[in-house]
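A short write-up of the structure that comes next.
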Amino acid sequence: MRRKLVAANWKMNGSRAANAAWLTEFRAQRSPCETVVCAPFVYLPQLAEALAGSETAVGAQDVSEREPGAFTGDVAAEMLLDVGCRWVIIGHSERRALHGESDELVAAKTARAHAAGLRPIVCVGETLAERDGGHTLQVVARQVAAVLARCGVAALEAGAIAYEPVWAIGTGRTATPAQAQQVHAAIRAQIARVDAAAAARTRILYGGSVKPANAAELFAQPDIDGGLIGGASLIARDFLTICAAAR
Ligand code: PGA
């Protein structure tokens, strides 16, 4: 039985004051499922300190594919671990689109994160044009295959995959539970061809306009093991309601 996981993706949002207010509201309730809060690098120590000893872990939103060294502006996996971060989002569609991150780079970052002891949340998903062209399963399979080829199943089993259709991110347009389930089942079948037992244990999260109003029916699908929550995670009360839907 897979334990549900709900991760907040704050994206490039937050301030010390706003984070403190969010944390106060969030900690007033016990999170009903396993949770991770993924914040901009500079706020990770603040979160790690506030959430120490709680069941909520801290995650970053990117990591370098390299070991520490002369790479100005990059952040190594060891540094994330050093400040109390345990998870990292890798290959979010905003990084793939705006920073040109390729399937190979995403796989390299996943390998590095896993080798260092971080739990990767590897994001995959098709654009609207790819869906309209009937290429959804092919695109997602290619993205997953790159990670499997480089890292095997272990990195995914230790972390999670997040299926996030690009057309559903921040648009208010959610994949229907049936649309999401179809892709999640295909991803699990792809992993199962490598290792069936590991596939049964790997958590596949859905992301893209998840809100308090639609979380429960998405999380009720057999292959949806939780969510990666962007906009709705900025409001602690809404994030807690979504976590409650994953119980
Ligand atoms: P959204 O973002 O919930 O605002 O659609 C999800 C994500 O990008 O991880």
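For the sequence shown, this note's numbering begins at 64 and goes up steadily by one.
All C-beta atoms in this analysis are idealised placements derived from N, C-alpha and C, irrespective of residue type, glycine included.
Assuming residue i contacts residue j under a Cβ cut-off of 8 Å, what Cβ separation, rounded to an integer in Å, is found between them?
i, j, result
"residue 151", "residue 131", "Not really, about 15 Å apart at Cβ, beyond 8 Å."
"residue 70", "residue 254", "Going by Cβ atoms, the distance from residue 70 to residue 254 rounds to 19 Å, so no, they are not a contact pair."
"residue 210", "residue 246", "With 8 Å as the limit, residue 210 and residue 246 do not qualify as a contact, their Cβ atoms being about 16 Å apart."
"residue 299", "residue 89", "4 Å"
"residue 156", "residue 227", "6 Å"
"residue 65", "residue 288", "5 Å"
"residue 146", "residue 108", "5 Å"
"residue 126", "residue 143", "6 Å"
"residue 129", "residue 166", "So it is not a contact: roughly 18 Å between Cβ atoms."
Grab the span of the alpha helix (DSSP H) containing residue i for me, first residue to last.
i, result
"residue 240", "240–255"
"residue 173", "166–179"
"residue 267", "Here residue 267 belongs to no alpha helix (DSSP H); instead the beta strand (DSSP E) covers 267–270."
"residue 87", "79–90"
"residue 304", "299–308"
"residue 199", "199–214"
"residue 220", "217–221"
"residue 141", "140–145"
"residue 261", "259–264"
Report the residue from the options whose alpha carbon sits nearest the alpha carbon of residue i.
i, options, result
"residue 267", "83, 244 and 273", "244"
"residue 212", "249, 233, 258 and 199", "258"
"residue 174", "191, 214 and 99", "214"
"residue 123", "303, 265 and 172", "172"
"residue 297", "161, 102 and 223", "102"
"residue 72", "307, 224 and 294", "294"
"residue 82", "95, 112 and 68", "112"
"residue 264", "137, 163 and 216", "216"
"residue 139", "99, 279, 104 and 232", "104"
"residue 223", "141, 240 and 154", "154"
"residue 161", "239, 229 and 121", "229"
"residue 67", "163, 77, 99 and 129", "99"
"residue 275", "110, 305, 141 and 241", "305"
"residue 121", "181, 273 and 241", "181"
"residue 218", "117, 129 and 262", "262"
"residue 310", "94, 87 and 110", "94"
"residue 271", "205, 235 and 110", "235"
"residue 237", "269, 77 and 163", "269"
Rounded to whole angstroms, what's the CA-CA distance from residue i to residue j? Just pull it up for me.
i, j, result
"residue 285", "residue 277", "16 Å"
"residue 106", "residue 79", "7 Å"
"residue 207", "residue 188", "10 Å"
"residue 179", "residue 97", "22 Å"
"residue 290", "residue 282", "8 Å"
"residue 307", "residue 92", "11 Å"
"residue 203", "residue 250", "8 Å"
"residue 176", "residue 194", "30 Å"
"residue 280", "residue 137", "39 Å"
"residue 317", "residue 115", "Missing from the structure shown is residue 317; the chain here goes from 64 to 310 and no further."
"residue 75", "residue 158", "12 Å"
"residue 196", "residue 85", "41 Å"
"residue 273", "residue 260", "29 Å"
"residue 252", "residue 241", "16 Å"
Would you give the residue range spanned by the beta strand (DSSP E) that residue i belongs to?
i, result
"residue 227", "Neither: residue 227 is in no beta strand (DSSP E) and is coded neither H nor E."
"residue 183", "182–187"
"residue 150", "150–153"
"residue 72", "68–72"
"residue 292", "289–292"
"residue 160", "No beta strand (DSSP E) contains residue 160, which is instead part of the alpha helix (DSSP H) from 156–161."
"residue 283", "It is not in any beta strand (DSSP E) - residue 283 carries neither H nor E in the DSSP assignment."
Would you say residue i faces chain B, with C-beta separation under 8 Å as the test?
i, result
"residue 106", "The chain labelled as chain B is not found in the depicted structure, where only one protein chain is given."
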